[in-house]
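In my numbering, the protein residues as written are 5 to 322.
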């Protein structure tokens, strides 16, 4: 399509356009949406963070992401070079995230650079544990889905593994009090998989979400080992406490705790700071707002076969 451009003098005779400009430049219009970072620092870059995630995937799962062929003899060299790039790029994005929020990211602006590099290095030190946790998630996906032909298939294809790669990385950054970057990383996976996991959620090893679309896991959720969720599950908040001025109170524990080996089937909704005891099963479409003892099984009433005398509603029947 041919690009159309206008010279400034051509716009001067357009009073309707001038009226729109005047309205958009009015403080009442832009005050709620205008962002001006401290010292004119640039915003975090979605493109740079996407590259960081691809590099991290290649470091965590060599051969599945990054170079198609990984030679073991040269792995150390390539991994070192990759981690060096990740370190520098991540430190820059952490600095940008700090400038975006700029509450008390560092004690003063002169320390932001040093602080960002320190956090980036502290994050890199968690990569071995992130890989170990993800390896248990991969095994859980393989063992939990009879359609999976190999653990490698789950790494390459399953939305659950994609979501958990992003979550376990974002969660470590969240624990390091990195502003905004963890949420961006989580939302990358959310937009791709339909699985919405807040980076603050604590999830134990050996975790699997089957199918996955529509799953929501809130910020203060705590999920134990060997838990399984299915599509459409919500682990959310039941209420949102407000202060004396009517503003939401932040940071309150308001999402469920799932103890070890809990199964939550499709469409179930579990709300509030309640505990689902170890080994419990929450059936499909069940709504839970109270504690559940260990070993429990909550299901909806079983469907029944209609009697011949019963009339069906709909489809033209009266």
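Ideal placement from N, C-alpha and C gives every residue a C-beta, glycine not left out.
When beta bridges are read from the DSSP output, residue 212 appears opposite 232. Shown here, residue 66 sits in a strand according to DSSP, grouped into three states. Here residue 220 carries a strand assignment [DSSP, helix/strand/coil]. Around the CB of residue 217, fewer than 16 other CB atoms lie within 10 Å, so the residue is classed as exposed.
The C-alpha of residue 98 lies about 14 Å from the C-alpha of residue 54. Listed as beta-bridge partners of residue 267 by DSSP are 232 and 285. Burial is judged here by how many other beta carbons sit within 10 angstroms of a residue's own beta carbon; residue 92 has fewer than 16 and is exposed. DSSP, read as helix, strand or coil, puts residue 304 in coil. For residue 246, the three-state secondary structure derived from DSSP is strand. Residue pairing by DSSP places residue 199 opposite no residue, since no beta bridge is assigned to it.
Membership of residue 239 in the beta strand (DSSP E) is indicated by the continuous run 238–240.
Segment contact: the stretch 232–252 against the stretch 204–216, three or more CB-CB distances shorter than 8 Å; contact assigned. C-alpha of residue 183 to C-alpha of residue 105: approximately 7 Å in a straight line.
DSSP places residue 252 within a strand segment (E or B) once states are collapsed to three.
Minimum Cα-Cα distance from residue 270 among the listed residues 285, 262 and 225 corresponds to 285.
For residue 140 against residue 209, the beta-carbon gap comes to about 4 Å, under 8 Å, which counts as contact. Residue 281 sits away from residue 293, with the two beta carbons spaced by 8 Å or more. The three-state secondary structure of residue 206, taken from DSSP, is strand.
Note on residue 162: 16 or more other CB atoms within 10 angstroms of its CB, so buried under the neighbour-count rule. Here residue 273 carries a strand assignment [DSSP, helix/strand/coil].
Judged by their CB atoms, residue 225 and residue 206 are nearer to each other than the 8 Å cut-off. DSSP places residue 115 outside any alpha helix (DSSP H), giving it a letter other than H or E.
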